[in-house]
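K.L.:
My structure is below; once you've seen it, I'll send some questions.
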Amino acid sequence: MFGVFDISNTDHVMSVKLLDRVNIICPQPRARPPQPYEYTKLYAVSRDGYDSCELRNERLIGVCQNAESQSSISIVFRDFSPLPGALEFKPGRSYYIITTSDGSEEGIDKRSGGLCASRHMKVKFEVHSGELIRLFRHVNR
């Protein structure tokens, strides 16, 4: 799926600023050797849900379920969304994304464990204002 979910990345923390866009590329089945498609649903959850790999007061972010063609899930970090019910992000806060799906078509709706627990498929986004990131980069030069 997305590089941040790589097993070697144990931090799973990404710093983003308002108006950044993150594209999560859904998996494609590999022709050689043949491997089954990895069906997943991504959810925004609380810190508690992130730590325990459980869905509680979750919000669906996107679904990877098309084994026939490439697809992706985009997240734009806006503090105001023109779409009713869309996620809104505030600077200085952290947001958590997990999948509790187990990768199989039958297990796409699992509510706990899944790939979050078995393959660390979870990520924390720390949202910053653009000014804070520019200042931080300047100080660290």
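Going by the working numbering, the sequence shown opens with residue 144, and the numbers climb by one from there. Quick reminder that beta carbons are idealized off the backbone N, C-alpha and C, glycines included.
At 4 residues or longer, what runs of the alpha helix (DSSP H) sit wholly inside the region 160 to 208?
P.N.:
Counting only runs of 4 or more, we get 190 to 195.
K.L.:
What are the start and end residues of the beta strand (DSSP E) that includes S261?
P.N.:
First-last for S261: G257 to R262, but that is the alpha helix (DSSP H), not the beta strand (DSSP E).
K.L.:
Cβ atoms of S255 and C196: under 8 Å apart, would you say?
P.N.:
Cβ atoms of C196 and S255: closer than 8 Å.
K.L.:
In angstroms with no decimal places, state the Cα-to-Cα distance between F279 and R262.
P.N.:
With a pLDDT of 48 at F279, under the threshold of 50, the modelled position of that residue is not reliable, and no figure is offered here.
K.L.:
In angstroms, rounded to a whole number, what distance separates the CA positions of L162 and F268?
P.N.:
Each residue's alpha carbon lies about 13 Å from the other.
K.L.:
Whose C-alpha, out of G246, I218 and Q213, is nearest the C-alpha of Y238?
P.N.:
Y238 has its Cα closest to that of I218, out of G246, I218 and Q213.
K.L.:
Measuring CB to CB, does L230 end up less than 8 Å from R202?
P.N.:
Closer than 8 Å, so yes.
K.L.:
Beta-carbon within less than 6 Å of V188's beta-carbon, same chain only, minus the 5 sequence neighbours each way: which residues are those?
P.N.:
Cβ within range, chain order: E201, Y239 and I241.
K.L.:
Under a three-way DSSP split, which group does G246 fall into?
P.N.:
G246 falls in the strand class under three-state DSSP.
K.L.:
Report buried or exposed for D245, applying the criterion of at least 16 other Cβ atoms within 10 angstroms of its Cβ.
P.N.:
D245 comes out buried.
K.L.:
Between L198, C169 and S215, which lies nearest to A260 when the distance is taken from Cα to Cα?
P.N.:
Nearest of L198, C169 and S215 to A260, Cα basis: L198.
K.L.:
Can you give me the C-alpha to C-alpha distance between I167 and M157, rounded to a whole angstrom?
P.N.:
Their Cα atoms are separated by approximately 13 Å.
K.L.:
Excluding the 5 residues preceding and the 5 following P176 in the sequence, name in chain order all residues of the same chain whose CB lies nearer than 7 Å to its CB.
P.N.:
Correct list: empty, nothing qualifies.
K.L.:
Less than 8 Å between the beta carbons of V266 and V159, yes or no?
P.N.:
No, Cβ-Cβ distance for V266 and V159 is not below 8 Å.
K.L.:
Along the chain, where does the beta strand (DSSP E) containing I216 start, and where does it finish?
P.N.:
Where I216 is concerned, the enclosing beta strand (DSSP E) stretches over S215 to V219.
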